[in-house]
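Novice: For the protein sequence lines, the chains are A and B, in the order given. When the letters of the first sequence are read in order and numbered with the numbering used here, they come out as residues 1 to 299. When the letters of the second sequence are read in order and numbered with the numbering used here, they come out as residues 300 to 862. Ideal Cβ placement from N, Cα and C applies to all residues, glycine included. Nothing here was measured: the structure is a model prediction, and the numbers come from that model. Before anything else, here's the structure in question.
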Amino acid sequence: MIYPTQPPLTKGRRKSMVTLNDYGQYETAWCPGCGNFQLLKAVKQALVASNLEPHQVLFVSGIGQAAKAPHYLNANFFNGLHGRSLPAATGAKLANPNLKVIAESGDGCNYGEGGNHFISAIRRNIDITVIVHDNQVYGLTKGQASPTSEHGFTTKAQPSGYPSETFNPIGIAVAMHASFVARGFTGMTDHLAEIIRQAIAHKGFSLVDVLQPCVTFNKTNTFAWYKKRCYELPKDHDPANWDAAMKTAYEWGEKIPLGLIYKCDKPTFEDNFEVLKSGSLVGADTPIETLNEIIKQYR
Amino acid sequence: MNRERTINIVIGGEAGQGLVTVGGLLSKALVRSGYSICVNQSYQSRIRGGHNTFEIRTGTDEITAPQEKIDLLVALTNETIDIHAGLLGTGSLTVVDAAQNASCKTCFHVPYKELANARSMNIAALGVVSCLLGLDEELIAGIVNESFGKKHPETAEENRAALTKSYEWTKANNSRFEKLPQAPKREGRLMMNGNDAVALGALAAGVKFYAFYPMTPSTSIGLNLASWAKKAGLVVEQAEDEIAAINMAIGASFAGAPAMVATSGGGFALMVEAVSLSGMTETPIVIVMGQRPAPATGLPTRTEQSDLEFVLHSGHGEFPRAVYAPGTVEECFWLTHRAFHTAEKFQGPVFVMTDQFLADTFRAVAPFDLSKYPAVRAGAPLDDIKTPYMRHRFTESGVSPRLLPGFTKHLVVTDSDEHTEDGHITEDLSVRKLMVEKRLKKMKGMMKETVAPELAGVKKADLLFVSWGSTKGSVVDAAAALKAKGQNVSTLHFSQVWPLVPEQFVSALEGAKRVVCVEGNASGQFARLIRRETGFEIKEHVRRYDGLPITPEYIIRNIPPPL
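Structure below.
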């Protein structure tokens, strides 16, 4: 019996460059005009720009309209439980650090159901990229408030207005010194693709919070609403400056900054494990001598 | 079993007094001297105070169960004497500190202050008990040195002095307690508890990823694995909660690392959604369920077998699973090893059900021949792959060859939503029907590998005990005691409780005059399972749900009067 062995992940290994065709074209279950279309396009562009082949990438997602996105491109894909994409992605990355692991899901999945995992993944600085489709509303369950909904936002579930304050994922991530924190907007696809490319290239936890309209259920934060407010961070914004990043993280309202808000280099979670330095955990049998050595302690 | 040749030692006192240390050292000394042991640890959910015991039943022959009657009580507090007074016999001895001012018929007053300083009190107690049992002083000294010599070299001398003084003092002053008979020479045996054996079984099976959130009584499985992680090349992570732990493990397993989680009732309740995820995505996962009394937080440090139905039905929807329930420490080892192979072969959740008693009970076990326990290999060999590759391809057995992502150009896709053969989300209801059937088909293959229940004794017994999991030893011991009195008793023990194969055991049930189901819960969950699967109703029961393990004496006391 021959078991497959993994080729090392090296850039430009393939003679011909990866193209958009490698990632395919699929019919989706999304509403016409949904921000997801532009986000999917940006993700594909970023993968191509990273020259990653589909089999080198593992998408992990939760549940929601956003979580379906990886179904619509060619790559390895584990579509798990609502809110649990980050633990599953963490496990997969630890099992095989050679995989480029990208967790993609919505604001409800990552910031609501999976809030504890979001915080813990930042603390670990696990080398995965998290792309959050942030449309400030629950789409799949037809229009309830999400953690990022604005205070007072009315829905059928919150007829008197959303009573909580808005969750600020960028603020939390920067406050915790997450190693890569960025925001994009689906109305600026090329800019978004470039941010995602940088996030994928970054070694450590990278967050890309993506503002996008929900054309069906969010009549407040519409395409025009975002378009009017979103602006690219000026060239002199220094993502290494934490104080400036904190200030930027809380800029929201008339002006919403886009781009790489904060970045720092620090050891990744995987760096803590000696065993991962020599590759993946897959197929690495522990020698019987080692096992016998361990059993000896019970003599 | 020759019942006269066992001695039941109970060390009792407050948490923090070091009784687990003394008990552990004594257990090790007994095992190295060739004796068998059965340890029962009884403790409260607190770090200091309260009343805890470390019980060791020991003897020359194999010992399968704890015992209630006490031969040698080491009372570190007067409260211990009061609590256990009723369990002492005329030949029993109670070892107390002379300074305790205790008075009892069985008291053996030891002037510890003259024998040791405050730091070495426990070692002095160990010296007294070792001498009473007739253990070799040099052997004890060696074990004490192994445990403390490296960590606290400064105490080595005073420990040694305390040991010798107390040993000599006891030799000179004991005239009542009869020491253990000479044990046969038994080389190379190991001393471990159920959790140690589970961890070792996992290690032998090639566990590469383990995530956990601490919860009694399962915690020490993770502590063992963490202590070996560097040496054995595995990743152990304390997750933010049990939900994260199992989702991480499933993610790791999907990517090719044999993975396990261990928890107890409340933690498992959090994991349940992911059990279903494992079933749906056909991702192998081994789940160790260390039971303790529930509902809710229950009695955190006590024992019970009340989560059988919970585990059997955990996870929404229908999907196959296997549930092992080790009856001994050795079974903890090989059934955990087997669980990994079953999980990989049938691609889904496989359970190992233990409980606090089994998790904490130390035994002497013969060394494992690891060449007989090969590591599992995640994923299918290339020879089994048909193109185009589809992760959930329909097959006769229901098992689809599993590729690992990133190892070939084939894309590995799976979904917690109902999916097509290639793993993509679908609402095609004809595919849905086929997928349900595909998953359930795997049960047939699993049933071919079900560990048959063990029938000990004649098929047409007057009395047949039925049991599962950790109660095995007590049931066997109780049956032996009744047989010794001339009764015609057999036992039928299940170390795998799902899937059941009725042909393996129904005739044994039907052949017995009386069938009594012995289990550690209040409603008779296993008896109910047997009835559901076979139609055979077990009408008589011995049940325990006060948090203590089922002992042979408990069984004999509680056998219902003949109908």
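What first and last residue would you give for the beta strand (DSSP E) that runs through residue 408/B?
Specialist: Indexing the second sequence from 1 puts residue 408/B at position 109. Start and end: 406 to 409.
Novice: Nearest by alpha-carbon distance to residue 544/B: which of 528/B, 530/B and 566/B is it?
Specialist: For the purposes of this step, residue 544/B is taken as residue 245 along the second sequence, with counting starting at 1. For the residues 528/B, 530/B and 566/B, the minimum Cα distance to residue 544/B belongs to 566/B.
Novice: Going by CA-CA distance only, name the one from 231/A, 221/A and 209/A that's closest to residue 130/A.
Specialist: What you label residue 130/A is simply residue 130 of the first sequence in a count that begins at 1. Per the Cα distances, 209/A.
Novice: Would you report the Cα separation of residue 281/A and residue 505/B, rounded to the nearest angstrom?
Specialist: Position 281 of the first sequence holds residue 281/A. Position 206 of the second sequence holds residue 505/B. Cα-Cα distance, rounded: 10 angstroms.
Novice: Taking only three categories from DSSP, how would you classify residue 737/B?
Specialist: In the second sequence, the residue the question calls residue 737/B occupies position 438. Reduced to three states, the DSSP call for residue 737/B is helix.
Novice: Within the continuous beta strand (DSSP E) that includes residue 790/B, where are the two ends?
Specialist: What you label residue 790/B is simply residue 491 of the second sequence in a count that begins at 1. Segment 788 to 793, the beta strand (DSSP E) holding residue 790/B.
Novice: Could you list which residues in chain B have their beta carbon closer than 9 angstroms to that of residue 348/A, in chain order?
Specialist: The displayed coordinates of chain A run from 1 to 299. Any statement about residue 348/A would go beyond what the structure contains.
Novice: Quick one: is residue 102/A buried, meaning 16 or more other Cβ sit within 10 Å of its Cβ, or exposed?
Specialist: Your numbering for residue 102/A matches position 102 in the first sequence. With 16 or more Cβ atoms within 10 Å of its Cβ, residue 102/A is classed as buried.
Novice: I'd like to know if residue 366/A contacts chain B, where contact means its C-beta is closer than 9 angstroms to some C-beta of that chain.
Specialist: Because chain A is modelled from 1 through 299, residue 366/A falls outside the range shown and cannot be assessed.
Novice: Do residue 490/B and residue 373/B have their C-beta atoms within less than 9 angstroms of each other?
Specialist: On the second sequence, position 191 is the one that residue 490/B refers to. On the second sequence, position 74 is the one that residue 373/B refers to. No; because the gap between Cβ atoms is not below 9 angstroms, this pair is not in contact.
Novice: At the level of alpha carbons, what is the spacing between residue 785/B and residue 773/B?
Specialist: Residue 785/B sits at position 486 when you count from the first residue of the second sequence. Residue 773/B sits at position 474 when you count from the first residue of the second sequence. Those two C-alpha atoms are separated by around 19 angstroms.
Novice: I want to verify the contact list: residues of chain B whose CB lies under 8 angstroms from the CB of residue 102/A, in sequence order.
Specialist: Mapped onto the first sequence, residue 102/A falls at position 102. Simply none; closest approach about 12 angstroms.
Novice: Considering only C-alpha positions, which residue in the set 626/B, 615/B and 711/B is nearest to residue 768/B?
Specialist: Stepping through the second sequence from its first residue, residue 768/B is reached at position 469. Among 626/B, 615/B and 711/B, the Cα nearest to that of residue 768/B belongs to 626/B.
Novice: Which residues in the same chain have their Cβ closer than 8 angstroms to the Cβ of residue 706/B, if we skip the five residues on either side of it in sequence?
Specialist: Here residue 706/B is taken as the residue at index 407 of the second sequence, counted from 1. 555 and 678, listed in sequence order.
Novice: For residue 83/A, I'd like the list of residues in its chain whose CB is within less than 6 angstroms of its CB, leaving aside the five on either flank, ordered along the chain.
Specialist: As a position in the first sequence, residue 83/A is number 83, starting the count at 1. Correct list, in chain order: 62, 109, 113 and 114.
Novice: Is residue 329/B closer than 9 angstroms to residue 371/B when the C-beta atoms are compared?
Specialist: Here residue 371/B refers to the residue found at position 72 of the second sequence. Here residue 329/B refers to the residue found at position 30 of the second sequence. Contact flag unset, no.
Novice: CA-CA distance, residue 27/A and residue 666/B?
Specialist: Your numbering for residue 27/A matches position 27 in the first sequence. Your numbering for residue 666/B matches position 367 in the second sequence. Rounded to whole angstroms, residue 27/A to residue 666/B spans 59 angstroms at the Cα level.
Novice: Note down the Cα distance separating residue 313/B from residue 407/B, rounded to an integer number of angstroms.
Specialist: The residue you call residue 313/B lines up with position 14 of the second sequence. The residue you call residue 407/B lines up with position 108 of the second sequence. Cα to Cα, the separation comes out at about 20 angstroms.
Novice: Hey, is residue 273/B's beta-carbon within less than 9 angstroms of any beta-carbon in chain A?
Specialist: Absent from the structure is residue 273/B, since the part of chain B shown begins at 300 and ends at 862.
Novice: Can you check whether the C-beta of residue 6/A is within less than 9 angstroms of a C-beta belonging to chain C?
Specialist: Looking at the structure shown, chain C is missing, and the protein chains on hand are A and B.
Novice: Is residue 100/A helix, strand or coil when you go by DSSP?
Specialist: On the first sequence, position 100 is the one that residue 100/A refers to. Note: residue 100/A maps to strand in three-state DSSP.
Novice: For the segment 398 to 405 of chain B against the segment 462 to 469 of chain B, are there 3 or more C-beta pairs whose distance is under 8 angstroms?
Specialist: no
Novice: Can you tell me which of the three DSSP states residue 283/A falls into?
Specialist: Position 283 of the first sequence holds residue 283/A. Three-state result, residue 283/A: coil.
Novice: With distance defined between alpha-carbon atoms, name the residue in 578/B, 583/B and 562/B nearest to residue 591/B.
Specialist: The residue labelled residue 591/B in the question sits at position 292 within the second sequence. Checked all of 578/B, 583/B and 562/B; the closest Cα to residue 591/B is 562/B.
Novice: Per DSSP, what kind of secondary structure is residue 35/A in: helix, strand or coil?
Specialist: Residue 35/A sits at position 35 when you count from the first residue of the first sequence. Three-state DSSP puts residue 35/A in coil, outside helix and strand.
Novice: Taking the alpha carbon of residue 183/A as the point to measure from, which residue in 261/A, 250/A and 49/A has its own alpha carbon closest?
Specialist: In the first sequence, the residue the question calls residue 183/A occupies position 183. Nearest of 261/A, 250/A and 49/A to residue 183/A, Cα basis: 261/A.
Novice: Of all Cβ atoms in chain B, is any one closer than 9 angstroms to the Cβ of residue 18/A?
Specialist: Taking the first residue of the first sequence as position 1, residue 18/A is located at position 18. It does not; no Cβ of chain B falls within 9 angstroms.
Novice: What would DSSP say about residue 11/A, mapped onto helix, strand or coil?
Specialist: Numbered from its first residue, the first sequence carries residue 11/A at position 11. Reliability fails at residue 11/A, whose pLDDT of 48 lies under 50, so the model's placement of it is uncertain and no value is given.
Novice: Would you say residue 528/B reaches chain A, if we count a Cβ-Cβ gap shorter than 9 angstroms as a contact?
Specialist: Looking up residue 528/B in the second sequence gives position 229. Yes, contact with chain A.
Novice: Pair every Cβ in the segment 118 to 138 of chain A with every Cβ in the segment 165 to 173 of chain A, then say whether three or more of these pairs are closer than 8 angstroms.
Specialist: Under the 8 angstroms Cβ criterion, the segment 118 to 138 of chain A counts as touching the segment 165 to 173 of chain A, having at least three qualifying pairs.
Novice: Strictly under 9 angstroms for the Cβ-Cβ distance: is residue 300/B near chain A by that measure?
Specialist: Counted from its first residue, the second sequence places residue 300/B at position 1. Residue placement at residue 300/B is flagged as unreliable, the pLDDT there being 42, under the threshold of 50; a coordinate-derived value is accordingly withheld.
Novice: Less than 8 angstroms between the CB atoms is what I'm expecting for residue 91/A and residue 547/B, so what's the real figure, rounded?
Specialist: Counting from one through the first sequence, the residue named residue 91/A turns up at place 91. Counting from one through the second sequence, the residue named residue 547/B turns up at place 248. Right, the Cβ-Cβ distance comes to about 4 angstroms (below 8 angstroms), so this counts as a contact.
Novice: Buried or exposed: where does residue 107/A fall if 16 or more other Cβ atoms within 10 Å of its Cβ makes it buried?
Specialist: For this step, residue 107/A is matched to residue 107 along the first sequence. So residue 107/A ends up on the buried side.
Novice: Could you list which residues in chain B have their beta carbon closer than 8 angstroms to that of residue 60/A, in chain order?
Specialist: On the first sequence, position 60 is the one that residue 60/A refers to. Result: 550.
Novice: Sorted by chain position, which residues of the same chain lie with C-beta nearer than 7 angstroms to residue 12/A's C-beta, five sequence neighbours on each side aside?
Specialist: By 1-based counting over the first sequence, the position of residue 12/A is 12. The predicted position of residue 12/A is uncertain, since its pLDDT is 47 and thus under 50; no value can be drawn from it.
Novice: For residue 143/A, which residues of its own chain have a beta-carbon under 7 angstroms away from its beta-carbon, when the five flanking residues on both sides are left out?
Specialist: Translated into the one-based positions of the first sequence, residue 143/A becomes position 143. 137, 155, 156 and 217.
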